[in-house]
Amino acid sequence: MGNLTESEVIIGVPGPDRTIQDSVNEASKSALKIAVGHLNFHYGPRQVLFDISLEIPDRKITALIGPSGCGKSTFLRTLNRMHETVNGTRAEGEVLLDGQDIFAIDVVRLRRRVGMVFQKSNPFPKSIFENVAYGLKINRMANRSAIAEIVEKSLRRAALWDEVKDHLHKSAYSLSGGQQQRLCIARALAVDPEVLLLDEPCSALDPVATAKIEDLLLDLVSSCTIVIVTHNMQQAARVADYTGFFLLGKLIEFNKTDVIFKNPAQKETEDYITGRFG
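First residue of the sequence shown: 6, per this note's numbering; consecutive thereafter.
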């Protein structure tokens, strides 16, 4: 998708006789956060997602796994309409956030509610402090006296405060790769999102930095819903409550993580997890 500029549950997979609203009504008893119904997605004439339906629970970690190019990241980006930054894209179907159609929500407001962290850390060419404060300032969400407090809170939530508190006005580029990724998470957290989307956030990190990100996600899930795309199946098994397996633009299976990894219902899922393909 290219670089972005600064401006910029299981209730189950609904069957053919269930509508997305049926799922939402049933989920009122199960803390449903996002309901996706019959989602199709196109890059110009090329269709890359086919009839995706699933339900993501509130304040749980949902992992999306599958081989490269199977549609995981594209699906993730539809959840806060980030795909709209690419010309010629088209999404069809329903995506409901707390029962509200995301395509009917102002996109700026939606992205405050549903934040995103990308595969490659992308700090702005600003200080550590200004990176975290950026969203607050452009959205006029806090006055000057409150910004410093929110920046500190966000850095603490991202488990970064103790490492940077004496260097807040240094360039974000002075941080290590793992620290930069946690800074990007802090920047997303500053506007207090309800959902945090992460697209392979640990793919470029060493095992120590990866462990810090995983511990961070386990801490954050008590306050927000997390959806993570990962190629690391061990990571999905360690951190996710639910896991969805994508293949060739289709959602093959979605269930509790231990079911997916120990007793998958679909042969394609078993083949992928056991390394027979992908």
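Every residue gets a Cβ at the ideal spot worked out from N, C-alpha and C, and that includes glycine.
**Request:** Could you pull out every residue in the same chain whose Cβ sits closer than 8 Å to the Cβ of Ser73, ignoring the five residues on either side in sequence?
**Result:** His236
**Message:** If you reduce the DSSP assignment to three classes, tell me which class Gly140 lands in.
**Reply:** helix
**Prompt:** Under the rule that 16 or more other beta-carbon atoms within 10 Å means buried, what is His172, buried or exposed?
**Reply:** exposed
**Request:** State the Cα-Cα distance for the pair Leu81 and Glu168, rounded to the nearest angstrom.
**Result:** 30 Å
**Asked** Between the beta-carbon of Gly98 and the beta-carbon of Leu44, is there less than 7 Å?
**Response** yes
**Closest Cα partner of Arg149 within the set Arg116, Arg162, Glu135, Ile218** = Glu135
**Request:** Have a look at Lys255, Gly76, Ala241, Leu252 and flag the residue whose alpha-carbon is nearest the alpha-carbon of Lys267.
**Result:** Ala241
**Message:** Would Glu258 and Phe251 be called neighbours here (beta carbons separated by less than 7 Å)?
**Reply:** no
**Prompt:** Any chance the stretch 183–199 sits against the stretch 157–164, with 3 or more Cβ pairs inside 8 Å?
**Reply:** yes
**Item:** Whole-Å CB distance - Val91 paired with Val200, under 8 Å assumed
**Value:** Between Val200 and Val91 the Cβ distance is about 21 Å, and since that is not below 8 Å, they are no contact.
**Item:** Option in Leu203, Gly42, Thr94, Tyr139 with minimal Cα separation from Lys255
**Value:** Gly42
**Check whether Ala36 and Asp63 have beta carbons under 7 Å apart** = yes
**Message:** Whole angstroms are fine: how far does the CA of Leu222 sit from the CA of Gly3?
**Reply:** Beyond the ends of the chain as shown, which are 6 and 283, falls residue 3; an answer cannot be given.
**Message:** On the DSSP letters alone, give me the boundaries of the alpha helix (DSSP H) that Glu199 sits inside.
**Reply:** Unbroken run through Glu199: none, as it is neither H nor E.
**Item:** Pro72, DSSP secondary structure in three states
**Value:** coil
**Message:** Please report the distance separating the alpha-carbon of Asn260 from that of Val234.
**Reply:** 15 Å
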